[in-house]
Amino acid sequence: MNNDTLTPFKALLILLLVVTGLALDQKIPFWGQWIANISTWALLLVLAKQSDIKTRISLALCVCLAGLGEYLLSNLWGLYDYRLRFIPAFVPPGHALIFILGCYIASKLKDAVNSWVPALSALPVMYLALSGHDTLSLHLYLVFLLCMLFSKNKKLYAVMFVLALGLELYGTYLGNWQWRPIVPLVGLVTLNPPLSAGVFYCLLDLLTVYLTRQCSGWLPAPCLIKK
């Protein structure tokens with residue numbers, strides 16, 4: 468991901484769009500979701516048009532993977548339910564916007580975040596698991612640790628773990644979506660949202676980065692992406 472894709476103004480614009488878009492979706496019947504859908508897609512397309520080929524590939528892949536992931540996690544597995552029972556059209560492009568926002572924030576932070584986020588998360592994750600309030604998050608946290616141990620994009624995943632939790636807390640507070648208290652099929656207990664919900668965003672970004680690198684080999688020579 469090209470860190471020049473976003474300026475501080477564009478990063479703030481994404482944040483404001485997410486905050487207001489979710490509020491509009493919840494507070495204004497019917498039209499609120501349409502406004503959120505159109506504005507989210509419009510901002511993503513504008514940013515994509517202003518970006519290099521590598522970023523465009525990343526955004527396209529992120530949207531596709533996010534749509535597939537939402538269908539698998541919500542519709543098939545039943546981890547959570549959206550307010551109107553179907554996945555809003557702003558969700559896949561919204562994931563792509565959060566992805567580039569996470570990349571931007573990660574580029575501004577020092578490497579210390581790679582240690583602080585897992586360390587500060589460990590205690591509440593363990594407490595919630597042992598108390599029986601959120602046993603799902605312990606398993607997700609272990610996946611997060613694997614991402615941090617074996618990936619080259621540690622800062623991105625540390626940032627997404629926190630950024631996504633903030634998004635989940637806001638969205639569930641407004642009522643845009645709701646996590647089920649018992650995880651289907653496996654019977655684990657979870658909160659609304661689970662503390663380690665950001666792991667799903669980390670996995671989305673991991674796949675996006677990996678597939679972007681693979682796609683670089685298919686481009687003509689003048690457009691080759693450096694790995």
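Quick note on numbering: this note's numbering labels position 127 of the sequence shown as 594, and the sequence is numbered without any gaps. We put the CB at the ideal spot given by N, CA and C, even for glycine.
Cβ separation of proline 555 and glutamine 500, assumed to be a contact under 8 Å, to the nearest whole Å | Start at 1 with the first residue of the sequence shown, and residue 555 comes out as number 88. Start at 1 with the first residue of the sequence shown, and residue 500 comes out as number 33. Sure, about 6 Å apart at Cβ, within 8 Å.
Determine the closest residue to leucine 484 out of Pro496, Ser518 and Ala563, with distance taken between C-alpha atoms.
-> For the purposes of this step, residue 484 is identified with residue 17 of the sequence shown, where counting begins at 1. The candidate whose alpha carbon is nearest that of leucine 484 is Ala563.
Exposed unless 16 or more other CB atoms sit within 10 angstroms - verdict on leucine 539 = Residue mapping note: residue 539 aligns to position 72 of the sequence shown, counting from 1. Exposed, because fewer than 16 other Cβ atoms sit within 10 Å of the Cβ of leucine 539.
Whole-number beta carbon distance between methionine 615 and lysine 621, since they are thought to touch under 8 Å | Taking the sequence shown and counting its residues from 1, the one referred to as residue 621 is at position 154. Taking the sequence shown and counting its residues from 1, the one referred to as residue 615 is at position 148. Contact flag correct, Cβ pair sits at about 5 Å.
Over what stretch of residues does the alpha helix (DSSP H) that includes tyrosine 571 continue unbroken?
-> Translated into positions along the sequence shown, residue 571 becomes position 104. Residues 558 to 575.
Hey, quick one: how far does the beta strand (DSSP E) through glutamine 645 stretch, first residue to last?
-> On the sequence shown, position 178 is the one that residue 645 refers to. Segment 644 to 646, the beta strand (DSSP E) holding glutamine 645.
Run through DSSP, which three-state label would isoleucine 692 get?
-> Against the sequence shown, residue 692 aligns to sequence position 225. Residue placement at isoleucine 692 is flagged as unreliable, the pLDDT there being 35, under the threshold of 50; a coordinate-derived value is accordingly withheld.
Which residues share a DSSP beta bridge with isoleucine 649?
-> As a first step, residue 649 is located in the sequence shown; it is residue number 182 there, counting from the start. Partner(s): Val656.
Alpha helix (DSSP H) containing tyrosine 549: first to last residue?
-> Taking the first residue of the sequence shown as 1, we reach residue 549 at position 82. Taken as a continuous stretch (DSSP letters only), tyrosine 549 belongs to no alpha helix (DSSP H), being part of the beta strand (DSSP E) at 547 to 549.
Leaving aside the five residues before and after valine 676 along the sequence, list all residues of the same chain whose C-beta is less than 7 Å from its C-beta, in chain order.
-> If you number the sequence shown from 1, residue 676 lands on position 209. Same-chain partners within the cutoff: Asn620.
Could you tell me whether the segment 592 to 606 touches the segment 648 to 664, where touching means 3 or more Cβ pairs closer than 8 Å?
-> yes
Between cysteine 690 and the rest of its own chain, which residues show a CB-CB distance below 8 Å, the 5 nearest in sequence each way excluded?
-> As a first step, residue 690 is located in the sequence shown; it is residue number 223 there, counting from the start. Annotation note: pLDDT 37 at cysteine 690 (below 50); position unreliable, coordinate value reported separately. Taken in chain order, the residues that qualify are Ile520.
Could you give the DSSP three-state label for asparagine 542: helix, strand or coil?
-> The count along the sequence shown starts at 1 and reaches residue 542 at position 75. In the structure shown, asparagine 542 sits in a helix (DSSP, three-state: H, G or I).
Below 7 Å CB to CB, which residues in the same chain sit around cysteine 531 once its five sequence neighbours on both sides are set aside?
-> The residue given as residue 531 occupies position 64 in the sequence shown. Counting only Cβ-Cβ distances below 7 Å, and skipping sequence neighbours, we find nothing.
Go ahead and pull the three-state DSSP assignment for lysine 619.
-> To locate residue 619, count along the sequence shown from 1; it is residue 152. Correct three-state label for lysine 619: coil.
So is phenylalanine 497 buried or exposed if we call it buried at 16+ other beta carbons inside 10 Å?
-> Walking along the sequence shown from the start, residue 497 turns up at place 30. Phenylalanine 497 should be labelled exposed.
Identify, in the order they occur along the chain, each residue of the same chain with its Cβ nearer than 6 Å to the Cβ of leucine 514, setting aside the five sequence neighbours on each side.
-> By 1-based counting over the sequence shown, the position of residue 514 is 47. Result list for leucine 514: empty, nothing under 6 Å.
In the DSSP assignment, find the unbroken alpha helix (DSSP H) run with arginine 680 in it and report its ends.
-> Your numbering for residue 680 matches position 213 in the sequence shown. It spans 665 to 682 - the alpha helix (DSSP H) in which arginine 680 sits, taken as one unbroken run.
Is the CB-CB distance between isoleucine 567 and leucine 630 below 8 Å?
-> Along the sequence shown, read from residue 1 onward, the residue named residue 567 stands at position 100. Along the sequence shown, read from residue 1 onward, the residue named residue 630 stands at position 163. Cβ atoms of isoleucine 567 and leucine 630: not closer than 8 Å.
What is the C-beta distance between valine 592 and tyrosine 608, in whole angstroms, given that I count them as a contact (C-beta under 8 Å)?
-> On the sequence shown, residue 592 is found 125 positions in, with the first residue counted as 1. On the sequence shown, residue 608 is found 141 positions in, with the first residue counted as 1. Confirmed, about 5 Å.
Taking lysine 494 as the reference, give the member of Leu641, Ser574, Ala625 and Ala589 with the closest Cα.
-> Here residue 494 is taken as the residue at index 27 of the sequence shown, counted from 1. Closest option to lysine 494, Cα to Cα, is Leu641.
Take leucine 480 and list the residues in its own chain whose beta-carbon comes closer than 8 Å to its own, dropping the five residues that flank it on each side.
-> The residue given as residue 480 occupies position 13 in the sequence shown. Only Leu510 meet the Cβ criterion.
Measuring alpha carbon to alpha carbon, tell me which of Leu546, Tyr594, Pro560 and Phe553 ends up nearest alanine 503.
-> Translated into positions along the sequence shown, residue 503 becomes position 36. The candidate whose alpha carbon is nearest that of alanine 503 is Pro560.
In terms of residue numbering, what span does the alpha helix (DSSP H) encompassing isoleucine 554 cover?
-> As a position in the sequence shown, residue 554 is number 87, starting the count at 1. Element bounds for isoleucine 554: n/a, residue is neither H nor E.
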